[in-house]
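2 is the number of the first residue of the sequence shown in this note's numbering; add one for each residue after it. Where is the CB? At the ideal position from N, CA and C, for every residue including glycine. So the structure is just underneath, and the comments pick up after that.
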Amino acid sequence: MQKISRFKLNITAGKAFALGLGLLLTQSLWTQSFLTDALSAPAWAAVKDETTKETESADELKNGLKYSHSAGYQKEFSAAVKKGRDFIEKYLKENKNIDPSSLAVVSDIDETILDNRAYMEEKAKAAVKAVDWSGWEDWMAKAEAKPLPQSIALLKFARSKGIAVFLITGRQEHMRRATIANLIKAGIVYDGLYMRKDHDRTAASQIKPEYRKQIEDMGYKILVNIGDQESDLSGGYSLSAEKLPNKMYTIK
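Here it is, written out as C-alpha cells:
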C-alpha cells in the first residue's frame with residue numbers, strides 16, 4: 002500500500018489519528034498557510050509532473066470545452082451534486098444515532114471543485130491535431146483555477162453536518178503548496194488532502210481506491226465520493242459515487 006503525506010485539519014476533539022509517519026493536528030483552516038511553508042514538498046519547479054491526460058485529439062478537447070458551457074453540462078453537473086446531497090440527507094435521517102464525525106465525503110479536485118478551463122482554452126487554441134499538455138505545472142503553480150460553486154456547496158453542506166471532507170487528487174506531491182493556495186483562494190475547507198507521490202505512474206483507478214481504503218481504515222465511513230473521471234470513482238470504498246460531466250479529457 003502506498004504511503005502519502007497528509008494534513009489533518011479541524012479534527013473533532015478527542016478523535017485524532019496517526020497518519021503515516023507522523024501525527025499532524027490543527028484546529029482551524031487558517032493554520033494551512035503555516036503548514037504549507039513548514040511541511041510542503043520541494044518547490045514545484047524541482048520535479049516535473051509526469052501525469053498525462055489521455056486526450057490527444059484537438060477536436061475532442063474543443064468539443065468537450067464547448068459542451069462544458071452548455072445547458073446539458075450544467076444539468077448533468079447539478080444532478081450529480083444533488084444526488085450526493087440527497088444521499089447524505091437520507092443516510093443521516095435513517096441513521097440518527099450515528100456520530101457524524103465518523104462519516105466522510107471524498108472529492109476529486111480538478112474539474113470537480115476547481116475549474117481549469119482557462120488553461121485548456123489556451124491549449125485548444127494552439128492545438129491543430131494533437132493536444133500539447135505542456136505547461137500544466139506552470140498553470141497549477143499560479144493557483145488561479147476558479148472554484149466550481151455547486152460541488153463546493155456539497156462539501157460545505159457535509160461539513161455543516163459534522164461530516165469530514167477528504168480531497169484525493171492525481172496532482173503530484175511537489176504541487177502541494179500551489180494546490181493548497183488555490184484551495185484556500187477558492188474558499189474550500191477540508192480535513193485531509195491526498196496527493197500522488199512524485200514520479201508515480203500508477204493508474205488513478207488503482208491509487209484512488211487505496212487512498213479511500215486508508216480513510217476508512219482510520220475509522221471513517223465514506224458516504225459520497227464525487228469526481229469527473231470514472232477513475233475517481235471505481236474501486237469501491239464509498240456508499241455512493243457521483244460522476245460529474247467531463248468530455249474534455251480522460252484519466253485512467
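| Check | Outcome |
| --- | --- |
| At the level of alpha carbons, what is the spacing between lysine 91 and serine 69? | 30 Å |
| DSSP has arginine 197 in a bridge; who is on the other side? | Gln173 |
| Hey, isoleucine 89 and lysine 162 are a contact pair by Cβ (cut 8 Å); roughly how many whole angstroms apart? | 7 Å |
| Do you know how far the Cα of isoleucine 164 is from the Cα of asparagine 98? | 14 Å |
| Closer than 8 Å: is that where the CB of serine 232 sits relative to any heavy atom of the ligand SAM? | This structure does not include the ligand SAM; it has no bound ligands of any sort. |
| Which residue marks the beginning of the beta strand (DSSP E) containing alanine 105, and which one marks its end? | 104-108 |
| Give the DSSP bridge partners of proline 148, in chain order. | Leu115 |
| Once the 5 residues before and after leucine 66 are set aside, which same chain residues still bring their CB inside 7 Å of it? | Arg118, Met121, Glu122, Ala125 and Met249 |
| Considering only C-alpha positions, which residue in the set Pro101, Lys94 and Asn96 is nearest to tyrosine 221? | Pro101 |
| Should arginine 202 be labelled buried (16 or more other beta-carbon atoms within 10 Å of its own) or exposed? | exposed |
| Relative to the C-alpha of alanine 1, which residue among Ser58, Leu62, Tyr74 and Lys83 is closest? | Nothing about residue 1 can be read from this structure; the chain reaches only from 2 to 253. |
| Kindly indicate which residue of Ala105, Ala128 and Glu138 has the alpha-carbon position closest to the one of lysine 63. | Ala128 |
| Can you tell me whether serine 235 is helix, strand or coil according to DSSP? | coil |
| Comparing alpha-carbon positions, which option in His175, Ile169 and Lys186 lies nearest alanine 205? | Ile169 |
| Consult DSSP for lysine 253 and reduce its assignment to one of helix, strand or coil. | coil |
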